[in-house]
Amino acid sequence: MSKKGIIIVNLGTPDKPETKEVRAYLKRFLGDKRVIDTNRLIWLPVLYGIILRTRPKKSAALYQQIWQEAGSPLLIFTRSQTDQLQARFPDRIVRYAMSYSKPLIPEVLKEMHDLGVTDLTIIPLYPQYSTTTTAPIFDEVAKFYLKAQAIPTLHFIQSFYDEPLYIEALANLIKQALSKKKIDKIVFSYHGIPVSYIEKGDHYLEHCEQTTQAVMKLVGDVPFISTFQSKFGPAEWLTPATDQTLKELPKQGAKNILILTPGFVSDCLETVEEIEEENYGYFMAHGGEYFHYIHPFNADPTLADILEKLVKQR
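Following this line, the structure appears as structure tokens:
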């Protein structure tokens, strides 16, 4: 008899908001060739000689600002999302895994194997596919089963950037906010990636553009712009940059904005600290008047609706 399982996967989070734990997390994350597609002879000396010596302390201080008693927001919400999805599928084993922190993907795959799962659905919690986020998950799954004697039937959900339930949910959140305040512009802020990745065939930019267009088709005639945040390193990244855009919008007459991060399903350092604090500060300091951040799904059951549909379609 077939035993079915589901694993949802997000990026990860340090075990604690302390320098040692942040260094271990960044070492695993930034050491992934999928994430940093640079010659190892060039990148590793930079990573070990500079970044892992300086960045962990700064990042730990930022994590401390968003940390909650039960852990990081991303971990808390991922657990909630797992519980909600389990409730939708009482006859399946539902777990979560992280690409760069515990529980790591191989650990959860082993648990599924030990529990006798013969049919496994894996859902990266990234609506838009990227070689920097979704592909490493596939790598880990393939590596785990490379020499296995028994391999379950695998269902790998690559993306859901155009899933109607996802698009409708984002549009509804925007409409609710628009009903309360007249807005000059809507800002869609996606996590940036280097332009070179797109040139090599990554579909990420295309997926982001299609998400924005589909959402705005439902929202209606309101000015909007897609931007890209979290630039790291000297390489050319996708533009326009979120921070620079928010500095310029008030000068262009857009002093009342909504901003959302469609690529994230849970709040994390890049949303709470970078968008709601840092970029809010840029916008207001340059003449902005109203800044409303629309949070990701977090513990909202709407995400469980979306994930349930994705599973049932397979």
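Just so we're aligned: the sequence shown equals residues -19 to 294 in this note's numbering. Ideal Cβ placement from N, Cα and C applies to all residues, glycine included. From a predicted model like this one, the values you see are computed outputs, not experimental measurements.
Identity of the residues DSSP links to Trp217 by a beta bridge: Position 237 of the sequence shown, counted from the first residue, corresponds to residue 217. Answer by DSSP bridge pairing, in chain order: Pro174.
Candidates Lys(-17), Phe118, Lys292 and Gly51: closest to Gly96 by CA position: Along the sequence shown, one-based indexing puts residue 96 at 116. Ranking the options by Cα distance to Gly96, first place goes to Lys(-17).
Mind listing, in chain order, the continuous alpha helix (DSSP H) runs of no fewer than 4 residues lying wholly within the region 76 to 158? 85 to 94, 114 to 125 and 144 to 158
Applying the criterion that 16 or more other CB atoms from any shown protein chain within 10 Å of the CB defines a buried residue, is Glu120 buried or exposed? Indexing the sequence shown from 1 puts residue 120 at position 140. Classification for Glu120: buried.
Inter-stretch contact (C-beta, 8 angstroms, three-pair minimum) for the region 87 to 96 and the region -2 to 5: no
Return the CA-CA distance between His135 and Thr98, expressed in angstroms with no decimal places. On the sequence shown, position 155 is the one that residue 135 refers to. On the sequence shown, position 118 is the one that residue 98 refers to. When rounded, the distance between both Cα atoms is 11 angstroms.
Bridge partner(s) assigned by DSSP for Leu240: For this step, residue 240 is matched to residue 260 along the sequence shown. Answer by DSSP bridge pairing, in chain order: Phe168 and Ile274.
Straight-line Cα distance separating Ile173 from Leu218: Counted from its first residue, the sequence shown places residue 218 at position 238. Counted from its first residue, the sequence shown places residue 173 at position 193. Near 6 angstroms, if we compare the C-alpha coordinates of Ile173 and Leu218.
Among Ile147, Arg72, Lys227 and Ile31, which one has its Cα closest to the Cα of Val195? Numbered from 1 along the sequence shown, position 215 holds the residue referred to as residue 195. That would be Ile147, whose Cα lies nearest to the Cα of Val195.
In terms of residues, what are the limits of the beta strand (DSSP E) holding Gln209? Taking the first residue of the sequence shown as position 1, residue 209 is located at position 229. Its beta strand (DSSP E) spans residues Phe204 to Gln209.
Determine whether the beta carbon atoms of Ala279 and Ser81 lie at a separation below 8 angstroms. Within the sequence shown, residue 279 is the residue found at index 299, counting from 1. Within the sequence shown, residue 81 is the residue found at index 101, counting from 1. No; because the gap between Cβ atoms is not below 8 angstroms, this pair is not in contact.
Report buried or exposed for Gln232, applying the criterion of at least 16 other Cβ atoms within 10 angstroms of its Cβ. Working through the sequence shown from its first residue, we reach residue 232 at position 252. Exposed, by the Cβ-count rule.
Assuming the contact rule is C-beta atoms closer than 8 angstroms, Thr192 and Val167 should be a hit. Round their C-beta distance to whole Å, please. Locating residue 192 in the sequence shown gives position 212, counting from the first residue. Locating residue 167 in the sequence shown gives position 187, counting from the first residue. Wrong, their Cβ atoms sit about 10 angstroms apart, outside the cutoff.
With 16 other Cβ atoms within 10 Å as the buried cut-off, status of Ala77: Counting from 1 along the sequence shown, the entry for residue 77 is found at position 97. Its Cβ being crowded by 16 or more others within 10 Å, Ala77 is buried.
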